[in-house]
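Quick note: the sequence shown uses UniProt numbering, first residue 1, plus one each step.
Cβ coordinates follow ideal geometry from the N, Cα and C atoms, glycine included.
Encoded as structure tokens, the structure appears first; notes follow it.
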Amino acid sequence: MLRFLPAPVKVVINFLWGAFWTTLIAIGIITLGLFKIIPIRPWQRFISALANNLFRVWGYAVAAMFSLTQKTRWQVEGGLALNRDSWYLILANHLSWVDILVLMKLASKDMPMPRFFLKQQLFWIPFIGLGCWVLDMPFMKRYSRQQIAKKPHLQGKDIETTRKSCEKFKDIPTTVINFCEGTRFTEQKKDQKQSPYQHLLPPKAGGTAFTLQAMKGNFDAILDITIVYPDRNPNKPLVLDFLAGRLRHIHLHIDALEVTDDLVGDYNDPAYQAHFQSWLNARWALKDKRITETLTQYPSTRDN
1 MLRFLPAPVK VVINFLWGAF WTTLIAIGII TLGLFKIIPI RPWQRFISAL ANNLFRVWGY
61 AVAAMFSLTQ KTRWQVEGGL ALNRDSWYLI LANHLSWVDI LVLMKLASKD MPMPRFFLKQ
121 QLFWIPFIGL GCWVLDMPFM KRYSRQQIAK KPHLQGKDIE TTRKSCEKFK DIPTTVINFC
181 EGTRFTEQKK DQKQSPYQHL LPPKAGGTAF TLQAMKGNFD AILDITIVYP DRNPNKPLVL
241 DFLAGRLRHI HLHIDALEVT DDLVGDYNDP AYQAHFQSWL NARWALKDKR ITETLTQYPS
301 TRDN
């Protein structure tokens, strides 16, 4: 639509577009939160549904940014027949906050709107905590090994607290997103962590295992999603290419995995911990190989 404009103008347009819709939807969701305080469960479910619809509108607005100032070619491989009436756990690699927009666009079309597990402390942050509460984001309250050693009765309390907060997901189909690396990939972080992978940081298995245990029986599938930006210049922030309308290709590969019994367990159990870490590391090795193979398909588009 506005692809003919110079890059600096596109940056301003995309920034204002994103800021406008984010502010507008945030105001709407927080306003609904004032009504959700009324402690009547059917009423709260109704308000949550309205807030979820607003969240989806934001997803559509985000999706529009991929066509507003640029012609992004999407290639999606693998997966299964996704639908909005199922529950999914997404395991994805993480390069930039653009990843969130990519997954939001994917979810706004074919999946329930995503949820993120949040630290309990975020609940008390003005506006953010209220907005996340209205959207039924689960708040995690975890205890360290030291705390459990001093107070043994806390053993399993974190799982139970999170499981209770996830009970509402039985009413609303949900997609939970987990960036297993825990942070965005950079070459510097790769060297610091001595990553065995070429394009990825080592995955953190604990958070994923914790999510599977807390949501036991809820997920219909695990979606191992590999995100690749073939024309990304590794020497420049990806977000600048996005805002400037230079994001030409996005390649997604989706592996739909069954949630088998061996993937759900107590991460404090050494045998389960070793098994789950081995499983996730194997997934990450496959993901790294897939990224390499994908990049070889676009040799002339990189480093521009």
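Taking a cut-off of 8 angstroms on C-beta distances, the stretch 179-199 does not touch the stretch 257-277, as fewer than three cross pairs fall below it. In this structure, residue 52 lies away from residue 104, with their beta-carbon atoms at least 8 angstroms apart. Under the 8 angstroms Cβ criterion, the stretch 8-28 counts as touching the stretch 240-247, having at least three qualifying pairs.
In the DSSP assignment, the residues bridged to residue 225 are 92, 254. Residue 36 is positioned such that its CB atom lies closer than 8 angstroms to that of residue 134.
Taking 8 angstroms as the cut-off, the beta carbon of residue 68 is found no closer than this to the beta carbon of residue 224. The beta carbon of residue 80 is closer than 6 angstroms to those of 256 in its chain, skipping five residues each way along the sequence. In terms of Cα proximity to residue 58, the closest of 136, 25, 181, 177 is 25. In this structure, residue 249 lies near residue 298, with their beta-carbon atoms less than 8 angstroms apart. By the Cβ criterion, the stretch 202-214 is not in contact with the stretch 225-235, since fewer than three pairs of Cβ atoms, one from each stretch, lie closer than 8 angstroms. Annotated as distal: residue 88 and residue 171, with beta-carbon spacing of 8 angstroms or more. Taken through DSSP and simplified to helix, strand or coil, residue 290 comes out as helix. Judged by DSSP in its simplified three-state form, residue 181 adopts coil rather than helix or strand. Nearest to residue 234 by alpha-carbon distance, out of 17, 31, 149, 186, is 186.
The beta carbon of residue 290 sits closer than 7 angstroms to the beta carbons of 226, 253 from its chain, once the five residues preceding and following it are set aside; these are given in chain order.
The beta carbons of residue 96 and residue 259 sit no closer together than 8 angstroms. Residue 78 is bridged by DSSP to 254.
Looking at the DSSP output, residue 201 bridges to nothing.
Short of 8 angstroms from the beta carbon of residue 30, and not among the five residues preceding or following it, lie these beta carbons of its own chain, in chain order: 127, 130, 131, 134. Counting other Cβ atoms within 10 Å of its Cβ, residue 15 stays below 16 and is therefore classed as exposed. Residue state for residue 31 is assigned as helix, using DSSP reduced to three classes. Closest in C-alpha terms to residue 279, from the list 218, 208, 292, 251, comes 208. With a 10 Å radius around the Cβ and a threshold of 16 neighbouring Cβ atoms, residue 153 comes out exposed. Residue 175 sits in a strand when the DSSP states are folded into three classes. The DSSP-derived three-state label of residue 139 is strand.
In the three-state reduction of the DSSP assignment, residue 247 falls in the coil class.
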